[in-house]
Amino acid sequence: QQQVKQSPQSLIVQKGGIPIINCAYENTAFDYFPWYQQFPGKGPALLIAIRPDVSEKKEGRFTISFNKSAKQFSLHIMDSQPGDSATYFCAAGAPNSGYALNFGKGTSLLVTP
Amino acid sequence: GAVVSQHPSWVICKSGTSVKIECRSLDFQATTMFWYRQFPKQSLMLMATSNEGSKATYEQGVEKDKFLINHASLTLSTLTVTSAHPEDSSFYICSANSGANVLTFGAGSRLTVL
Chain S
479 QQQVKQSPQS LIVQKGGIPI INCAYENTAF DYFPWYQQFP GKGPALLIAI
529 RPDVSEKKEG RFTISFNKSA KQFSLHIMDS QPGDSATYFC AAGAPNSGYA
579 LNFGKGTSLL VTP
Chain R
22 GAVVSQHPSW VICKSGTSVK IECRSLDFQA TTMFWYRQFP KQSLMLMATS
72 NEGSKATYEQ GVEKDKFLIN HASLTLSTLT VTSAHPEDSS FYICSANSGA
122 NVLTFGAGSR LTVL
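Protein chains in written order, with the working numbering: chain S, 479 to 591; chain R, 22 to 135.
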């Protein structure tokens, strides 16, 4: 059972564009929402994370928007670069499970030159 | 920053043999570590939660007798795939809580069972 639903499955943007990846969840116990970036053959690396007490968080070119009432959150990548081409996973964790993360299915992003 | 090291990064074994994968937190202590499995072009699926000094907690559908987890110290958890079969071929990734509920992931261990 997929507890975090992620879309789109794949995304192609030109350099400088702003790809947006969306995620939705149902479990209201989730209170930690990280995004991970994964390159082929590598483990996922934490990009940015948000908690429900804020609606937006920015770190460099990455922004998370969070809508608690809709139980949705999204990742925006500003001024995207070819080096951002990777698979992005959203995830959600809850304190009652020790923050074992539930991952979305991933979005394969390609940024063309 | 926090670092989680996995070893080996690649392993090839014959069907029926057992393989051990180590997960170490290098600069912090982790009472809890998590083991994930990732098939090609798929998401990470939680297999089990490894607890230092106690039995691991397995997710539904994961065979605890096949995937043995030992968390003997605050910096080391091991996953042993027993009697491995080709369908066990996958990318196994561990993670540990490095503070403030931030999970740091290892680089993963790719298992190929012939």
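C-beta: ideal position from N, C-alpha, C; glycine also.
- Distance from the Cα of residue 90 (chain R) is smallest, within the candidate group R:60, R:54, R:59, for R:54.
- A buried status is given to residue 516 (chain S), since no fewer than 16 other beta-carbon atoms sit within 10 Å of its beta-carbon.
- Inclusion of residue 528 (chain S) and residue 508 (chain S) in the CB contact set at 8 Å is not warranted, their separation being larger than that value.
- Contact of residue 520 (chain S) with chain R by beta-carbon distance below 8 Å involves 128, 129.
- Following the DSSP letters along the chain, one finds residue 110 (chain R) in no beta strand (DSSP E), marked with neither H nor E.
- In the structure shown, the three-state DSSP call for residue 64 (chain R) is coil.
- By the neighbour-count criterion, in which 16 or more other beta carbons inside 10 Å mark a residue as buried, residue 125 (chain R) falls on the buried side.
- By the Cβ criterion, the stretch 550-564 of chain S is in contact with the stretch 490-508 of chain S, since at least three pairs of Cβ atoms, one from each stretch, lie closer than 8 Å.
- Those residues of the stretch 59-92 of chain R placed with their C-beta closer than 7 Å to a C-beta in chain S are 64, 65, 67, 70, ordered along the chain.
- In this structure residue 35 (chain R) touches residue 135 (chain R) by the C-beta definition: roughly 6 Å separates them, less than 8 Å.
- Around the beta-carbon of residue 60 (chain R), fewer than 16 other beta-carbon atoms lie within 10 Å, marking it exposed.
- Not one beta carbon of chain S lies nearer than 8 Å to the beta carbon of residue 133 (chain R).
- Contact annotation for residue 582 (chain S) against chain R: 64 [CB-CB distance below 9 Å, chain order].
- Contact check for residue 492 (chain S) against residue 590 (chain S) passes: the beta carbons are separated by less than 8 Å.
- Counting the other Cβ atoms within 10 Å of the Cβ of residue 31 (chain R) gives fewer than 16, which makes it exposed.
- Judged by pairs of C-beta atoms under 8 Å, the stretch 66-76 of chain R does not touch the stretch 564-571 of chain S, as fewer than three such pairs exist.
- Per DSSP, residue 549 (chain S) lies in no beta strand (DSSP E) and is assigned neither H nor E.
- For residue 567 (chain S), the chain R residues whose Cβ falls inside 9 Å of its Cβ are 64, 65, in order along the chain.
- Beta-bridge analysis with DSSP links residue 498 (chain S) to S:554.
- If you draw a straight line from the Cα of residue 103 (chain R) to the Cα of residue 501 (chain S), it comes to about 36 Å.
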